[in-house]
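Please read the structure below before turning to the comments.
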Ligand SMILES: Nc1ncnc2c1ncn2[C@@H]1O[C@H](COP(=O)(O)OP(=O)(O)OP(=O)(O)O)[C@@H](O)[C@H]1O
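Residue numbers (full-length UniProt numbering): 1 to 521.
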């Protein structure tokens, strides 16, 4: 009997060992262990989610102890909409102290600069920390970088095999890639136990230095063109990617970048074996189907979608989806003749307090250069940023604007998305962008992180096709709609997947003859 028991125990142990070894062999870099996860009872782990510690999100006792009414009130007040095909119910992390203890410890020094998580952070963290794919849609300047950045570092910290590139963040412009890299790097350095190395790869600069920086790297933040280049020459291997982020996701999935993104993702593990996060302030319907092909059962989290038309149901949305500007930005639209723009621009600049930072947007590169010259001739400290400038000059201009040595920055839409420049007081759209989405991103360079801001937009008859979209954005944010704008009609132009885009196509459309389409690489 005793022998029998012993035999049973031994063979069971052997079998278990063998199974474990087989699975380890089969999974290689996937780090997936067969043990069940520790996600809250309501949550169903996605395939590939049982990745060592990652996916073991356990709601903190402090959060569990909150009355349900507090949670409901928060979700209502912040207008949080969560659509989850798995119907998982995870409470938002209302305070940093609601994060699991090991995560609070890991990031305590970094998080101490903020009072509490922003709404997108509160709502997205539980899902991302559980290993789920997430589409996060929240207004400009609402802290989306940290919303995907903290779970990224946590995910990689929990991997037993960290070697190689395990996380990739893709962003549409070089300056944004640099900014996101700096955030991720700070977060990684500040996290007490992490030994992760991040680097940034983007076009317009020397490849050799970037190659050197890639040595021993676990996280890359990249623009698509340079990433693709480095993948083709064998410098970068993304086949072990565990966590993928598309920042400004709708921009990354539009026609200009679509092929690059498909190529990059096709070299990564399948969507069931990696975690994918897509974040943006605008989520037009035209790119949603494509987005879903790169994700596995994603949770869609939308913050701040209000008004009578609000619905979690795609069918009830127009082509622009949940297009909503930050309501703290005071928006003014001035309908005028194109010839009056210069005089009015100078008049506005004269009225601004001397040290206020002003971001002036043009549609075309040559227009941006011309405006920069005009503003300089009128005695202002001005810098410029657009695709015709060398990368070093672009970075110098941005640094001058950030530091305040230039109080005015004239930009094309290369600066419309993502850039977090402290204390921009006014965004001045001298020429309207090609889409209402780009307008929302442009004006979003002010009014960030809970601050107020102002946007003044010149609108001419040439822009009339976009009047309907603009009227909707103004109404959605409770801003006045001038009668002259309504005269152009309120029909919303159907968004075309191939027509959607920001700086790229527009910069290429300069002067009617030009057909060159340029993107950041
Ligand atoms: N919890 C927080 N509390 C206060 N400020 C925060 C918090 N999290 C991030 N921030 C700050 O908010 C600012 C905007 O953050 P971020 O650039 O991530 O915004 P975003 O939502 O990605 O904007 P965009 O849509 O324009 O890309 C940054 O300066 C960031 O440091």
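Beta carbons are placed, not taken as given, at the ideal position from N, Cα and C, and that holds for glycine. Because the structure is a prediction, the values reported are computed rather than measured.
Three-state class that DSSP yields for residue i in the structure shown
| i | result |
| --- | --- |
| residue 155 | helix |
| residue 412 | coil |
| residue 447 | coil |
| residue 160 | coil |
| residue 279 | strand |
| residue 440 | helix |
| residue 380 | coil |
| residue 478 | coil |
| residue 458 | strand |
| residue 110 | helix |
| residue 367 | helix |
| residue 165 | coil |
| residue 334 | strand |
| residue 452 | coil |
| residue 273 | helix |
| residue 243 | strand |
| residue 428 | strand |
| residue 385 | strand |
| residue 351 | helix |
| residue 285 | helix |
| residue 90 | coil |
| residue 257 | helix |
| residue 99 | coil |
| residue 491 | coil |
| residue 421 | coil |
| residue 105 | helix |
| residue 342 | helix |
| residue 302 | strand |
Contact belief for residue i with residue j at Cβ below 8 Å, rounded distance in angstroms
| i | j | result |
| --- | --- | --- |
| residue 411 | residue 433 | About 11 Å; that fails the 8 Å criterion. |
| residue 163 | residue 196 | Going by Cβ atoms, the distance from residue 163 to residue 196 rounds to 11 Å, so no, they are not a contact pair. |
| residue 126 | residue 57 | 6 Å |
| residue 401 | residue 409 | 4 Å |
| residue 82 | residue 122 | About 11 Å; that fails the 8 Å criterion. |
| residue 223 | residue 174 | 6 Å |
| residue 380 | residue 407 | 7 Å |
| residue 391 | residue 225 | With 8 Å as the limit, residue 391 and residue 225 do not qualify as a contact, their Cβ atoms being about 13 Å apart. |
| residue 440 | residue 282 | 6 Å |
| residue 428 | residue 473 | That belief does not hold up - the Cβ atoms of residue 428 and residue 473 are roughly 17 Å apart, past 8 Å. |
| residue 467 | residue 489 | 6 Å |
Distance CB(residue i)-CB(residue j) smaller than 8 Å
| i | j | result |
| --- | --- | --- |
| residue 446 | residue 475 | no |
| residue 398 | residue 436 | no |
| residue 371 | residue 430 | yes |
| residue 124 | residue 348 | no |
| residue 365 | residue 386 | yes |
| residue 246 | residue 170 | yes |
| residue 287 | residue 139 | no |
| residue 272 | residue 239 | no |
| residue 159 | residue 130 | no |
| residue 119 | residue 80 | yes |
| residue 221 | residue 210 | no |
| residue 448 | residue 420 | yes |
| residue 418 | residue 128 | no |
| residue 298 | residue 248 | no |
| residue 107 | residue 191 | yes |
| residue 104 | residue 110 | no |
| residue 236 | residue 214 | yes |
| residue 477 | residue 324 | yes |
| residue 268 | residue 293 | no |
| residue 168 | residue 244 | yes |
| residue 338 | residue 460 | yes |
| residue 444 | residue 326 | yes |
Closer than 8 Å to chain D by CB, residue i
| i | result |
| --- | --- |
| residue 80 | The displayed structure is made up of one protein chain only, and chain D is not part of it. |
Cβ contact check for the region 225-237 and the region 140-160: 3 or more pairs under 8 Å: no
Can you confirm whether the region 333-349 touches the region 452-464 when touching is taken to mean that 3 or more C-beta pairs between the two stretches lie within less than 8 Å? yes
Would you call the region 125-134 and the region 166-186 in contact, with 3 or more CB pairs under 8 Å? Counting Cβ pairs under 8 Å, fewer than three are found: no touch.
Please go through the region 112-139 and give each complete beta strand (DSSP E) segment of 3 or more residues, from N-terminal end onward. Unbroken beta strand (DSSP E) stretches of 3 residues or longer found wholly inside the region 112-139: 134-137, given in chain order.
Quick test of the definition: if touching needs 3 or more C-beta pairs under 8 Å, does the region 277-287 touch the region 244-252? yes
Inside the region 173-239 only - beta strand (DSSP E) runs reaching at least 3 residues: 198-201, 219-222
Which ranges would you report for the beta strand (DSSP E) in the region 51-85 if only whole runs of at least 3 residues count? List check, beta strand (DSSP E) in window: 80-83.
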